[in-house]
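K.L.:
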Amino acid sequence: MEIDALLKLMDSQFTSRKFETTPVPEENLEKIFKAARSAPSGANTQPWEFIVIKNSGKKERIAEILVEAQKNARKQDKEFPHGKKSNLYERIVEPPVLIVVCADTRFKKAYPKVGDREGNLNVSMGVVIQNMMLAAKAMGLSLSWNTVDSLSRRDLQNLLNVPDYLRIIEVLQLGYPAKSKPPSYRREIGEFVHEEELDTGKLRKNDEIKDLISSRKTPNIYSGIEENKK
1 MEIDALLKLM
11 DSQFTSRKFE
21 TTPVPEENLE
31 KIFKAARSAP
41 SGANTQPWEF
51 IVIKNSGKKE
61 RIAEILVEAQ
71 KNARKQDKEF
81 PHGKKSNLYE
91 RIVEPPVLIV
101 VCADTRFKKA
111 YPKVGDREGN
121 LNVSMGVVIQ
131 NMMLAAKAMG
141 LSLSWNTVDS
151 LSRRDLQNLL
161 NVPDYLRIIE
171 VLQLGYPAKS
181 KPPSYRREIG
191 EFVHEEELDT
201 GKLRKNDEIK
211 DLISSRKTPN
221 IYSGIEENKK
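Here my numbering is used: the first residue of the sequence shown is 1, the next is one more, and so on.
(1) Identify which residue in His194, Lys18, Lys137, Glu30 has its Cα closest to the Cα of Met10.
(2) Nearest by alpha-carbon distance to Pro163: which of Thr105, Arg74, Ile62, Arg61 is it?
(3) With a CB to CB cut of under 7 Å and the five nearest residues on each side skipped, what residues in its chain are close to Val148?
(4) Anyone know if the C-beta pair for Ala103 and Leu88 falls short of 8 Å?
(5) For Asn158, is the classification buried or exposed, using 16 other Cβ atoms within 10 angstroms of its Cβ as the cut-off for buried?
(6) Of all the options Ser12, Ser41, Val24, Ser150, which has the alpha carbon lying nearest to the alpha carbon of Gly126?
(7) Give me the Cα-Cα distance between Glu68 and Glu20, rounded to the nearest whole angstrom.
(8) Provide the residue span of the alpha helix (DSSP H) that contains Phe33, from first to last.
(9) Does the count of Cβ pairs from the segment 11–18 and the segment 174–188 closer than 8 Å reach three?
(10) Name, in chain order, the residues that DSSP records as bridge partners for Asp149.
(11) Considering only residues of the same chain and omitting the five flanking positions on each side of Val123, which have a CB-CB separation below 8 Å?
(12) Looking at the unbroken alpha helix (DSSP H) that takes in Ala103, where does it start and where does it end?
(13) Go ahead and label Lys59 buried or exposed: buried means 16 or more other beta carbons lie within 10 angstroms of its beta carbon, across all protein chains shown.
(14) Please classify Ser41: does DSSP put it in a helix, a strand, or coil?
(15) Taking the CB atoms as reference points, tell me whether Leu160 and Val97 lie closer together than 8 Å.
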């Protein structure tokens, strides 16, 4: 693939929250995992495990767990825009496929003790997910995030037979997007690239970051922002 074609593919990525009911062909799913297999990782540990969920009953149970966790999170952090529980439930049960992403924490021992072992593991997991997202996009599919937190992790582990040393980090939604979206806000390259040393004059001020989040200059940072403003 030429670089311009790759950049165009990257620019066209977006997080879909609505999916068509069209099944995902098995060969496409296999290609997504081939992309995962090719991902680099710290010390070549390949610390990922994936659970493919297609059963509607199991998707419903996962959605119930995540909605309950969202409800508890709202009680603990009333200022955070958690969004509507109906939106979360629908975006878990509607996609034809869910991919539960697990990180094998045992591999942190493969990284230097004096380094950032947790960071090494997280970077490896982020890279493999990006590979999968690009592969999905290249086939006209969307692979969207739903990060798992400590409030839902234990129940998901019990449901999916996941041992403690595997940390469930994402429940990805895979399917054909019901609609496309225009490119979202992106900073100009000159705003975040620094020559030879950090130019602190380019860094965004605290008030600017606060305004960026509250005014939603980056569209739909979180689905509950408008709801929380009411």
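For glycine and all other residues, C-beta sits at the position ideal for the given N, C-alpha and C.
Model, not experiment: these values are computed from the prediction.
P.N.:
Put simply:
(1) Lys137
(2) Thr105
(3) Leu156, Ile168, Ile169, Glu170, Val171
(4) no
(5) exposed
(6) Ser41
(7) 25 Å
(8) 26–37
(9) yes
(10) Asp149 is not bridged to any residue.
(11) Gly42
(12) Where Ala103 is concerned, there is no enclosing alpha helix (DSSP H), although the beta strand (DSSP E) it sits in stretches over 97–104.
(13) buried
(14) coil
(15) no
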